[in-house]
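The numbering of the sequence shown is this note's numbering, which starts it at 95 and goes up by one. Glycine is no exception: its CB is placed at the ideal position from the N, C-alpha and C atoms. Because the structure is a prediction, the values reported are computed rather than measured.
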Amino acid sequence: MAKPYDVIVIGAGPAGLSAAIHAARAGAEVPVVAQELGGQLTTAPEVGNYPGFPPAPGYELVDRMVEHAETVGVELNVKYSNRVEGIELTDGTFRVLDEECRAVVIATGARPKRLGVPGERELEGRGVSYCAICDGPAFQNRIVAIVGSGTHAANTALFLSEIAERVYVITPDGKLESPDRALIERVLSCRNVEVVHDEVRRIVGDERVEGVELSDGDILPCEGVFIAAGKVPNSEPFRDLVETDDRGYIVVDSEMRTSLEGVYSAGDVTTIPHRNVPSAVYQGSVAGINAAEYALKSR
């Protein structure tokens, strides 16, 4: 039987790549298991809060991280069939897919939260989108609506303001909120962006999006609806293994340890509240270093 890896990292977003890089630099043999590279970062229209890098599309930062990981010997096992359904505990080791290891880092991130309103699923791909950088260019000189109020919604609005004729940002609080005040100011200074204080009850359209129905029953005409209303943690395969909170986020301590010895977690899937790239990279570094230390002691 092949010897076990030291650490297996599940997920190839900024937290996962950071964990793998730091574990490898600590002397561990590390593969990254994922279905895709970069996670949600690849769809970020702009990342402007990563030290040393001027504002740029998220995929550019992903490319640099991947290059760094390969330079330090990280094995990138990335393919769509790599759907991890859980972690199996064996005799003193863990099994992930068909590989064994001494420690695991869960960095599976989060996915866009659905609104759960009529018309959303029916019109997905026909005007309803969760990725502005993927689908935004199709709405050149058109009217679009964004549903959300946080940093992601603000970044989406800024990106679409360069493409669409008119951008409505629909938020129940009537305002955009983000720790990045400069970002909010840039969005609010865009002449074609309007913040709408309301809620979406329904997405309207037959073959394609034609508008959104607001709380008072009025229809706001638009041709595209971009959902930026929060995230849901990708923790389902691990909820019987490690402790999670009532929303499904994996509970970690300051060393990124989970409730199960030898299993660490980092990034948007954890209970750490600051969900941005610098925070994910930091969490990944802590998880990777500690996972490597744990694994190397048991070699």
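- Only buried fits F253, as 16 or more other CB atoms lie within 10 angstroms of its CB.
- By the Cβ neighbour-count rule, N384 is buried, with 16 or more other Cβ atoms within 10 Å of its own.
- DSSP lists I200 as the beta-bridge partner residues of S359.
- Listed as beta-bridge partners of A118 by DSSP are no residues whatsoever.
- The criterion of a C-beta distance shorter than 9 Å is not satisfied by E179 and P372.
- For N171, the uninterrupted beta strand (DSSP E) segment begins and ends at E169 to V172.
- For D157, no beta strand (DSSP E) run applies; the uninterrupted alpha helix (DSSP H) run containing it begins and ends at G152 to T165, by DSSP.
- Boundaries for I366: no alpha helix (DSSP H) harbours it, and the DSSP string shows neither H nor E there.
- The Cβ neighbour count for N235, taken over all protein chains shown within 10 Å, is under 16; the residue is labelled exposed.
- Contact between V261 and V287 holds, since their C-beta atoms are separated by about 5 Å, short of 8 Å.
- Pairwise C-beta distances place the stretch 200-214 in contact with the stretch 323-337, as three or more of them are shorter than 8 Å.
- For K391, the enclosing alpha helix (DSSP H) stretches over residues V371 to K391.
- For P108, the three-state secondary structure derived from DSSP is helix.
- Remark: fewer than three beta-carbon pairs, one from each stretch, lie closer than 8 Å, so the stretch 179-199 and the stretch 152-162 are not flagged as touching.
- In the displayed model, R341 falls within coil according to three-state DSSP, outside both helix and strand.
- Listed in chain order, the non-local C-beta contacts of A226 below 7 Å within the same chain comprise P139, T250, F253, L254 and F320, local neighbours out to five positions each way being set aside.
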